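Chemist: If you count by this note's numbering, then the sequence shown holds residues 1 to 513, one letter each, in order.
For every residue, glycine included, the Cβ atom is placed at its ideal position computed from N, Cα and C.
Quick caveat, the model's predicted, so the values are computed rather than measured.
Next up is a structure, given as C-alpha cells.
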Amino acid sequence: MRCPYFSSSKPIRISDLWFLMDGKENIKITDGKRKTSGLTTGGLIEQDLILSDVIPVNRNVPDSRHERCKEKDYNLSNETVSIIMGVYNEWPSILLRTLYSIITRTTIHFIKEIIIIDDASTSDFMRYDLVRCIEELFSNELIKLIRVENRTGILQAKQTGLQHATADIVVFLDCCVEVNHQWLEPLIHEIQQSRNTVALSVIDTINSTTLEYSWQKDFPQQQYGFDWSLSTFITPYRKDIPEQDVTQPYPGITMTGTSFAVDRRFYYHLGEFDVGMHSSGGNQYMELSWRVWLCGGRLIHVPCSKIGHIQHQEDTTLDLYNYKRAIEVWMEPNLKQFVYDFYDNLTNLYVGDLSTQIWKKSRLSCHPFRWYLSNIWPTLLVYNEDIAAWGSVQNILTGRCLDNHGYLYEGPQDLFVELCHYKYLIQGFSLTRNGVLKTTLHCVNVAEYSSSSRPVLQKCLYGSLQKWTHVKRGQIQHINSKLCLDLDYWGPIMKKCQSDKLTQLWMFTKYEY
C-alpha cells in the first residue's frame, strides 16, 4: 500500500502552487477543510495546515548562509552522526518535510541513523501510516522509528533516543524544522576542534501562516540571555567589537532545543537531560546550558549551520517546578534568592528528589554559579556584590519609582517613573560602589551632557561606563555632566543641581546589601 499521505484528493492542486517550491514566496489559503483533531500542528491553525499539505514535502529552501560560509572547506575526519527527534501526534506534512530536508540537504555519509522516538502517539498517521511513508519515501535502514507504550514527554523521548544512538556525535532536532544547505558539517567541525563542545545551529524563521522561509540578511550574532526571573530573550553578542567575522562561532549564554550537536560520550559524561523536569514549561535547556559551561564544556553558536524553524506563538506558561529544580542544583543560596524574590509560591514548591542531580554536579567538580556570571553572562547584575545602594529608586516628592517598563534589549531606551510596586525586574536598580547605576541588565547613561537631556537605558558594554554619585535621601548626580536626575511631567530628566529642589531627591530601598 502506498503512503496514504500522497493521495490525489487535495484541496488545491500542487501545480497551482509551483512558486512555493523554493520557499521564497508565500500565500494564504482560506478555503478547504482538514481534520486536525488529536494532532500536533507546530502552532499552525487549520488553514495553514491545508497550505502545508499542498506544499511539496521535498521543496527546496533558499541557501541562507553567508557567502563566506559557502567558501569554507571542512576537512573532516571520519565521523558518524545520530540524529534524534522526539515526536507526538505530529502533522504529517510537517514531519515528512523535516525528514526530507535532512535526507536531501545533508552529506549523507555522515548520517549513521535518524532515530525517531514516538512518544505514544494516538493519531492514525503516527500509529499506522508513518512507517509506510518511511518505507516508501526514505531508506528504511537509515530511519529508525521506535515507539514507547506510555507517554513520557518529549524530553524523556529524546533521552530514549540517546540510549539507542550508536554514532560518535548526536544531533537533537525539533520535528518542525527544515535544515538548510550543508548544515551538518560546521557542527561536526566544531566538535572535532574540541570534543567538549555543544554546537548550536543558527535558527531561521518559517512563517507559521505562509510557510515562507526567511532569515536576517545582515547576519547578526545573537545570543539567548536571561534575567533573574529566568525569562529568556535574544540579545546581541558583543556589538561593540568592530569588524567581527560573522561566520565564526561565538559563545552562547543559554540554548534552545531546536538543533544542537554534541559528542555522545561527552554528553553521557555531563549526565544527559534532567528527566525529572517537565517536558513543557521551559528551563530544561537553560539548565543544560549552565551544566555545559560549569562542568568543563563550551556552548557555541555556529553561524554557518542554519536551520529553519516554524515560527509560532510560544507557550508562555511558567513551569516553576522546572525553575526550582534548576536553581536548587546550580545556584548558590545568595544567588537563587534573587529568583525566589520574583515568585512568591516558589519557596514551598516540592520538586522531587534532587540527589542524583547534585551527585552528578559533585562528581564533575563543576564551577560555582558565580563563575558563570563572571565569565559567560557578566551583563546580569548581581545585586549583593560591590553595591552601595539597591532596590527601587523612589522620588521623595512624588513617591513614584524609576521604572524600565520591562525592557530587555540592547537600547538605548527611555527611563520612566511609575507607581512603586518594588518588583526587581521592572523597578530594580543598583548603584555600585564605583558609581555605576544599573538595572538587572542595563546601565543608566546620559546621551547628551546638557540640561533637559533624558537619561536612557543602554547595554553596559557599549562605550565607557558612566558614573553617578548619591547620598541617602539626596541627589543622584551624573559625574561627567555634573547634572542631577530630576523629574518633569514626561518623566526623568537631567537638570542643573539644586539642593533645595525636592524633585531631585531620591531614596533607594536598601543601602549596602
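Quick check on DSSP: helix, strand or coil for Leu-349?
Modeler: coil
Chemist: Here's a check: name, in chain order, each residue in its chain whose Cβ is nearer than 7 Å to the Cβ of Leu-418, leaving out the five neighbours to either side.
Modeler: Correcting the residue identity first, residue 418 is Glu in this sequence and not Leu. Cβ neighbours of Glu-418 beyond the five flanking positions: Arg-400, Cys-401 and Asp-403.
Chemist: Please classify Pro-378: is it buried, with 16 or more other beta-carbons within 10 angstroms of its beta-carbon, or exposed?
Modeler: exposed
Chemist: For a minimum of 3 consecutive residues, which ranges assigned as the beta strand (DSSP E) are wholly contained in the region 246–302?
Modeler: 259–263
Chemist: From Ile-307 to Gln-244, what does the alpha carbon distance come to, in whole angstroms?
Modeler: 22 Å
Chemist: From the DSSP output, read off the bridge partner residues of Phe-172.
Modeler: Ile-84 and Phe-260
Chemist: What residue does the alpha helix (DSSP H) around His-164 start on, and which one ends it?
Modeler: 154–164
Chemist: Counting only the same chain and skipping the five closest in sequence on each side, list residues whose C-beta sits under 6 Å from that of Asp-330.
Modeler: First, the residue type needs correcting, since residue 330 is Trp and not Asp in the sequence shown. So the qualifying residues of the chain are Trp-290 and Phe-369.
Chemist: Is the number of C-beta pairs between the region 181–200 and the region 293–302 that are closer than 8 Å three or more?
Modeler: yes
Chemist: Would you kindly report the start and end of the unbroken beta strand (DSSP E) that includes Leu-137?
Modeler: Unbroken run through Leu-137 is the alpha helix (DSSP H), 130–137; no beta strand (DSSP E).
Chemist: Out of Trp-183, His-470, Ser-52 and Gly-491, state which residue places its alpha-carbon closest to the alpha-carbon of Ile-108.
Modeler: Trp-183
Chemist: Where does Gln-192 sit, in a helix, a strand or coil, going by DSSP?
Modeler: helix
Chemist: With burial defined as no fewer than 16 other Cβ atoms inside 10 Å of the residue's Cβ, what is the status of Arg-2: buried or exposed?
Modeler: Exposed, by the Cβ-count rule.
Chemist: If I follow the unbroken beta strand (DSSP E) through Ile-111, where does it start and stop?
Modeler: Counting along the chain, the beta strand (DSSP E) containing Ile-111 begins and ends at 111–118.
Chemist: Rounded to the nearest angstrom, what separates His-405 and Lys-72 at their Cα positions?
Modeler: Here the alpha carbon of His-405 sits roughly 44 Å from the alpha carbon of Lys-72.
Chemist: Looking only at its own chain, which residues have a Cβ that is under 6 Å from the Cβ of Lys-510, when we skip the five neighbours before and after it?
Modeler: Trp-390 and Gly-391
Chemist: Can you say whether Thr-160 is buried or exposed, counting buried as having 16 or more other CB atoms within 10 angstroms of its CB?
Modeler: Answer is buried; the Cβ neighbour count reaches 16.
Chemist: List the endpoints of the continuous alpha helix (DSSP H) containing Cys-69.
Modeler: 67–70
Chemist: Taking one C-beta from the region 245–259 and one from the region 355–364 each time, how about it: are there three or more such pairs within less than 8 Å?
Modeler: no
Chemist: Provide the residue span of the beta strand (DSSP E) that contains Glu-178, from first to last.
Modeler: First-last of the beta strand (DSSP E) with Glu-178: 177–179.
Chemist: CB-CB under 8 Å to Leu-96, same chain, minus the five flanking residues each way: which ones, in chain order?
Modeler: Tyr-5, Val-57, Cys-133 and Leu-137
Chemist: What number of angstroms, rounded off, separates the C-alpha of Thr-106 from the C-alpha of Ser-355?
Modeler: 41 Å
Chemist: Rounded to whole angstroms, what's the CA-CA distance from Thr-205 to Leu-49? Just pull it up for me.
Modeler: For Thr-205 and Leu-49, the distance between alpha carbons rounds to 17 Å.
Chemist: So for Asn-334, helix, strand or coil by DSSP?
Modeler: It is helical.
Chemist: In three-state DSSP terms, what is Ser-214?
Modeler: strand
Chemist: For Glu-185, name the three-state secondary structure that DSSP assigns.
Modeler: helix
Chemist: Can you give me the C-alpha to C-alpha distance between Pro-186 and Cys-304, rounded to a whole angstrom?
Modeler: 6 Å
Chemist: How many angstroms separate the CA atom of Arg-433 from the CA atom of Gln-477?
Modeler: 14 Å
Chemist: Does Asp-344 come out as helix, strand or coil in the three-state DSSP assignment?
Modeler: In the three-state DSSP reduction, Asp-344 falls in the coil class, being neither helix nor strand.
Chemist: Quick check on this structure: which residue in Ser-208, Glu-79, Leu-425 and Ser-450 has the alpha carbon closest to the alpha carbon of Asp-341?
Modeler: Ranked by Cα distance from Asp-341, the first of Ser-208, Glu-79, Leu-425 and Ser-450 is Leu-425.
Chemist: Where Val-198 and Ala-261 are concerned, what is the direct C-alpha to C-alpha distance, given to the nearest angstrom?
Modeler: 6 Å
Chemist: Please go through the same chain and pick out, in chain order, the residues whose beta-carbon is closer than 6 Å to the beta-carbon of Val-292, but skip the five residues on each side of it.
Modeler: Val-198 and Leu-299
Chemist: Taking Tyr-407 as the reference, which of Asn-395, Tyr-489, Thr-469 and His-442 has the closest Cα?
Modeler: His-442
Chemist: So Cys-460 and Gln-475 are supposed to be a Cβ contact under 8 Å. How far apart are they, rounded?
Modeler: That belief does not hold up - the Cβ atoms of Cys-460 and Gln-475 are roughly 23 Å apart, past 8 Å.
Chemist: Under three-state DSSP, which class holds Trp-377?
Modeler: coil
Chemist: Count the other CB atoms, across all protein chains shown, that sit within 10 Å of the CB of Ile-479; report buried if there are 16 or more and exposed otherwise.
Modeler: exposed
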